[in-house]
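Report on the following structure.
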Amino acid sequence: MATHTAEGAEPDEAEAESALETALRQLSAAAAHVDTDEGVIERLKHPTRVVEVAVPLERDDGSVEVYTGYRAQHDDVRGPYKGGLRFHPEVTAEECVGLSMWMTWKCAVMDLPFGGAKGGVVVNPKELSTEEKERLTRRFAGEIRDTIGPKRDIPAPDMGTDAQTMAWFMDAYSMQEGETIPGVVTGKPPVIGGSYGREEAPGRSVAIIAREAIDYYGKRIEDATVAVQGFGSVGANAARALDDWGADVVAVSDVNGAAYDTTGLDTHAVPSHEEQPEAVMQYDAPNTLTNEELLELDVDVLIPAAIGNVITADNAGDVDADVVVEGANGPTTSTADTILEERGVPVVPDILANAGGVTVSYFEWLQDINRRQWSLERVNEELEDHMLSAWNDVRAEVEARDVSWRDAAYVVALGRIGEAKATRGLWP
Ligand code: GLU
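Taking the working numbering, I'd label the letters of the sequence shown as residues 43 to 470.
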C-alpha cells in the first residue's frame, strides 16, 4: 500500500468498482430516497464536458515527450467547477469523470457554492526533475486555459501535485491573462494567496467528524481509542488533532506497518510522511502491528487514511471498531460497506469526513477574490462551523430515514443539487 495520500486515493483493486461506477451507484441509491425529477438524475449521470489535451514537454536531455492531460467537469449548477489535478501514470478520462462526480457530491454535502471537476496528466511525476515538472505544469495550464478560470473552474492539488505545482499553475495562467489571478487555483502557498490551514484541513475535518461520531455514539473523547491507517497529511493531522483533544490514538501506520501502544501513542513524536517518509516504525512503540492487524483492532474509531479499498469483502467481517471514519477517498469497497452495515458498524463517508480540504479551498478562493488573508484561527473556526453544519445535516437524514451515513450524505447532496437544477430549469 502507499504510505500517504489521503486526498486523492481511490479504488484500484480487482474487487473494487471504478470511481465512475461508484459515483453512478451512489447517485441511484440517493435517487431512491429523494424526490428528484428523472430528467435531473439523467443529466447528473453525464459530465458537462471532458477536455483532452496534448502536453508536450522538453526533457532535461533535450528530447521531447508528449503527455495526455484531462479536465473533466461534471456539474456546475451550484457554482464554478472545483476539484483537484493529479499527476499519475494511471489517470484516465473515465477516472477523471468519476472523481469529478465525487467532487460534485462533496461540495454539495458541504453546501459550498461549487460544482465538481477533476483533471490530471498521465505521467509519473517521480520520473521528472523539478524543472521538468514545472515546464509540464505550465504547459498544461496553457492548454486548459480556456476551460478553467476563477469564475469557471478552479483546480487544486491532488495525487502527485502540491502547493508548488499550484504556484506554477497560477503563475502560468496569470502571465497569459496579463494580470495576477490567484483565485484560478487553490492549495497555493500562503505567500501568493494560499490559505493558512489548507494543508492540514482534510485531516482536521476527519478529526472533527470523528469527534462528533464519538459523541454521537455516547462516548467521551477522553475515553475513546482510535486507530489510524496512513500517516501522511490526512492521517497525521487527524491523529494529532484527536490526540490533542484527549483521545488515545493507540495505533498509526505507514507502508511498513503500525506503531501500537494500548495506552496511547505520542502522535506528535511519530514522524509524518511529510516530516520523514516511511519512518513510523522508527518510533519507539511498545508493540508493532501489520496494516491488516491495525484494521481489525478493537477500538472506538478506525480511520483508514491511506489508500482506497483497504476494507474489503475479505476483512470487513473482522473490523472490530465501533465506528469507521473514512479519511482516504474510497477506503471501503461497496461489498465491505454492505457487510459493515449488516454488522451494525457505522461508516462515516469520505465525502463528509475529508471534505475539509475543499472547504478550506473555498475559504482560499474567497480570500483571493477579496485580496484579504484570514488568520489560521479564523480558518479553523470557520472550518469547524462548516463541518458541524454538514454533520448535522447528514445526521438529520440518518435519523429521519434510517439510512447509512453514506446514503444520508448523498441524500443531502442530491437534495441540494436537484433543487438547484429544478429551480434553474433546462435551457433552452
Ligand atoms: N483534491 C481534493 C479532494 O479530493 C481537494 C479539491 C479542492 O480543494 O478543490 O477533495
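Idealized CB from N, CA, C, for every residue including glycine.
These numbers were taken from a predicted model, which means no experiment stands behind them.
Can you check which of these residues, the options, is closest to residue i by C-alpha distance?
i, options, result
"residue 337", "348, 232, 70", "348"
"residue 421", "438, 400, 440", "400"
"residue 367", "392, 97, 459, 308", "392"
"residue 424", "440, 439, 406", "406"
"residue 161", "111, 176, 389", "111"
"residue 468", "95, 158, 79", "79"
"residue 386", "417, 209, 259, 121", "259"
"residue 90", "137, 157, 104", "157"
"residue 238", "216, 247, 415, 83", "415"
"residue 182", "165, 169, 171", "165"
"residue 223", "194, 247, 204", "194"
"residue 62", "445, 175, 86", "86"
"residue 28", "220, 379, 113", "Because the chain in this structure spans residues 43 to 470, residue 28 falls outside the shown range and cannot be described."
"residue 380", "402, 355, 394", "355"
"residue 217", "234, 285, 200, 184", "184"
"residue 144", "208, 171, 455", "455"
"residue 343", "388, 199, 315", "388"
"residue 247", "207, 427, 447", "427"
"residue 417", "431, 430, 429, 402", "402"
"residue 274", "313, 142, 460, 167", "313"
"residue 334", "327, 359, 310", "359"
"residue 341", "372, 308, 304", "304"
"residue 64", "141, 81, 135, 105", "141"
"residue 121", "104, 134, 146", "146"
"residue 430", "466, 465, 251, 357", "251"
Please tell me whether, using a cut-off of 7 Å, the distance from the CB of residue i to the nearest non-hydrogen atom of the ligand GLU is below it.
i, result
"residue 475", "Residue 475 is absent from the structure shown; the chain starts at 43 and stops at 470."
"residue 403", "yes"
"residue 146", "no"
"residue 399", "yes"
"residue 124", "yes"
"residue 198", "yes"
"residue 229", "yes"
Since residue i and residue j should fall inside the 8 Å C-beta cutoff, what is the C-beta to C-beta distance between them, to a whole number of angstroms?
i, j, result
"residue 350", "residue 370", "6 Å"
"residue 116", "residue 139", "7 Å"
"residue 119", "residue 462", "5 Å"
"residue 287", "residue 253", "6 Å"
"residue 100", "residue 177", "7 Å"
"residue 26", "residue 266", "Only positions 43 to 470 of the chain appear in this structure, which leaves residue 26 out of reach."
"residue 154", "residue 325", "With 8 Å as the limit, residue 154 and residue 325 do not qualify as a contact, their Cβ atoms being about 37 Å apart."
"residue 472", "residue 249", "Shown here, the chain extends from 43 to 470; a query on residue 472 therefore has no answer."
"residue 390", "residue 361", "So it is not a contact: roughly 14 Å between Cβ atoms."
"residue 129", "residue 163", "5 Å"
"residue 83", "residue 66", "With a Cβ gap of about 10 Å, residue 83 and residue 66 do not count as contacting."
"residue 374", "residue 353", "4 Å"
"residue 436", "residue 382", "With 8 Å as the limit, residue 436 and residue 382 do not qualify as a contact, their Cβ atoms being about 17 Å apart."
"residue 331", "residue 302", "5 Å"
"residue 60", "residue 137", "7 Å"
"residue 272", "residue 291", "Rounded, the Cβ-Cβ distance is 13 Å, inconsistent with contact."
"residue 234", "residue 209", "6 Å"
"residue 452", "residue 159", "Not confirmed; about 19 Å, so no contact."
"residue 226", "residue 199", "Rounded, the Cβ-Cβ distance is 14 Å, inconsistent with contact."
"residue 102", "residue 173", "6 Å"
"residue 450", "residue 439", "4 Å"
The segment 123-140 contacting the segment 69-76, beta-carbon criterion three pairs below 8 Å:
Put simply, the segment 123-140 does not touch the segment 69-76. Fewer than three CB pairs are less than 8 Å apart.
Which ranges would you report for the beta strand (DSSP E) in the segment 283-347 if only whole runs of at least 3 residues count?
Complete beta strand (DSSP E) runs here, min 3: 290-296, 299-302, 329-331, 343-346.
The segment 265-281 / the segment 239-248 touching (three or more Cβ pairs under 8 Å)
As far as the Cβ criterion goes, the segment 265-281 touches the segment 239-248, which means the pair count is three or higher.
Please go through the segment 66-109 and give each complete alpha helix (DSSP H) segment of 4 or more residues, from N-terminal end onward.
Listed in chain order, the alpha helix (DSSP H) elements of length 4 or more contained wholly in the segment 66-109 are 80-86.
Should the segment 286-300 be called in touch with the segment 320-337, which here means at least 3 C-beta pairs below 8 Å?
Note that the segment 286-300 touches the segment 320-337; at least 3 beta-carbon pairs, one per stretch, sit closer than 8 Å.
Could you tell me whether the segment 186-200 touches the segment 147-155, using the rule of 3 or more Cβ pairs below 8 Å?
Short answer: they don't touch.
Touching or not, the segment 216-230 and the segment 405-419, by the rule of three or more beta carbon pairs under 8 Å?
The segment 216-230, when compared against the segment 405-419, does touch it at the 8 Å Cβ threshold.
Which runs of the alpha helix (DSSP H) spanning at least 4 residues fall entirely within the segment 110-162, listed in chain order?
The alpha helix (DSSP H) runs of length 4 or more contained entirely in the segment 110-162 are, from start to end of the chain, 135-151.
Identify every run of the beta strand (DSSP E) within the segment 184-251, keeping only runs that are complete inside it and at least 3 residues long; order them along the chain.
Listed in chain order, they are 195-199.
What beta strand (DSSP E) runs, 3 residues minimum, are completely inside the segment 338-395?
Here the runs fully enclosed are 343-346, 365-367.
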